[in-house]
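K.L.:
Numbering (the numbering used here), first residue to last: 51 to 276.
(1) For residue 151 versus residue 87, is the C-beta spacing smaller than 8 angstroms?
(2) What are the boundary residues of the alpha helix (DSSP H) that residue 155 is part of?
(3) What is the residue span of the alpha helix (DSSP H) that residue 222 lies within?
(4) Roughly how many whole angstroms lie between the Cα atoms of residue 163 and residue 236?
(5) Contact check, residue 244 vs residue 221 under 8 angstroms by CB: the rounded distance?
(6) What first and last residue would you give for the alpha helix (DSSP H) that runs through residue 187?
(7) For the alpha helix (DSSP H) containing residue 83, name the first residue and the last one.
(8) Compute the beta-carbon to beta-carbon distance between residue 101 and residue 216, rounded to the nearest angstrom, for a pair I have assumed lies under 8 angstroms.
(9) For residue 59 and residue 240, I'd like the C-alpha separation in whole angstroms.
(10) Might you give, ordered along the chain, the residues of its own chain that have their beta carbon closer than 7 angstroms to the beta carbon of residue 108, omitting 5 neighbours on each side?
(11) Do residue 210 and residue 93 have their C-beta atoms within less than 8 angstroms of each other?
(12) Flag this pair as yes or no: are the beta carbons of residue 156 and residue 248 separated by less than 8 angstroms?
(13) What's the gap between the Cα of residue 51 and the Cα of residue 218?
(14) Counting C-beta neighbours from all protein chains within 10 Å, is the total for residue 120 16 or more, i.e. buried, or is it exposed?
(15) For residue 189, count the other beta carbons within 10 Å of its own beta carbon; 16 or more makes it buried, fewer makes it exposed. Which is it?
(16) Suppose the cutoff is 7 angstroms on Cβ atoms and the five residues either side in sequence are ignored; what does the same chain contact list for residue 191 look like?
(17) Is it right to say residue 78 is buried, meaning 16 or more other beta carbons lie within 10 angstroms of its own, or is it exposed?
The following block contains the structure:
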């Protein structure tokens with residue numbers, strides 16, 4: 051994936067989320083998602099925090115070299131389980147509830163996400179940035195943001211059957227990340243489509259007996275990220 055496609059992928063990912071939540075009723079924004087305990091507006095606030103982090107990171111240049119890339123970043127993530135994840139989950143629910151109405155989160159998202167996409171398009175693709183205690187190349191940062199957006203887009207649409215799914219370019223970035231986490235030498239089952247792969251690789255859908263048979267020992271690596 052070239053550097054131009056990375057910022058295009060992020061823009062597509064964020065536009066897909068906007069299309070999912072824009073003009074939704076407050077009742078729709080209070081529907082459940084695949085993230086346990088989070089309603090649509092809760093999860094949107096979580097993704098909004100990512101878009102805000104993107105703006106900060108892209109304005110926080112760093113000297114190289116990078117200490118993680120778009121795949122190893124996920125292995126080094128401080129948010130994978132434990133007390134930090136639980137505290138963040140509580141903070142998100144309380145913060146989303148502080149808005150006068152769920153649509154307030156959508157308004158802030160619709161202001162912030164396009165700004166993050168524009169900042170990504172303007173960023174030097176040969177540069178480095180700081181985020182969450184790590185140094186990444188700009189294209190790798192954008193890939194991590196796109197991957198998270200695609201995963202959570204699929205979380206958002208659980209009880210919104212008329213909502214669009216993530217776009218092809220953004221999904222390709224997410225699946226490339228998950229392929230990297232899976233194995234350098236083996237491939238995912240050919241029977242999976244890309245969205246099914248994302249859901250199974252992140253533990254949103256369980257592996258079937260057939261999946262485990264096709265994956266062999268690789269099945270023990272699932273979920274590849276939470």
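Think of the CB as a built atom: it goes at the ideal place given N, C-alpha and C, for glycine as much as any other residue.
P.N.:
Well, looking at it:
(1) no
(2) 153 to 172
(3) 218 to 232
(4) 35 angstroms
(5) 5 angstroms
(6) Run containing residue 187: none in the alpha helix (DSSP H); it sits in the beta strand (DSSP E), 184 to 187.
(7) Note, residue 83: premise wrong, no alpha helix (DSSP H); not H, not E.
(8) About 15 angstroms separates the two Cβ atoms, so there is no contact after all.
(9) 24 angstroms
(10) 169, 170, 173, 179
(11) no
(12) no
(13) Only weak support exists for where residue 51 lies, its pLDDT of 44 falling under 50; the value from the coordinates is given anyway. Between residue 51 and residue 218, the C-alpha separation is close to 13 angstroms.
(14) buried
(15) buried
(16) 107, 179, 181
(17) buried
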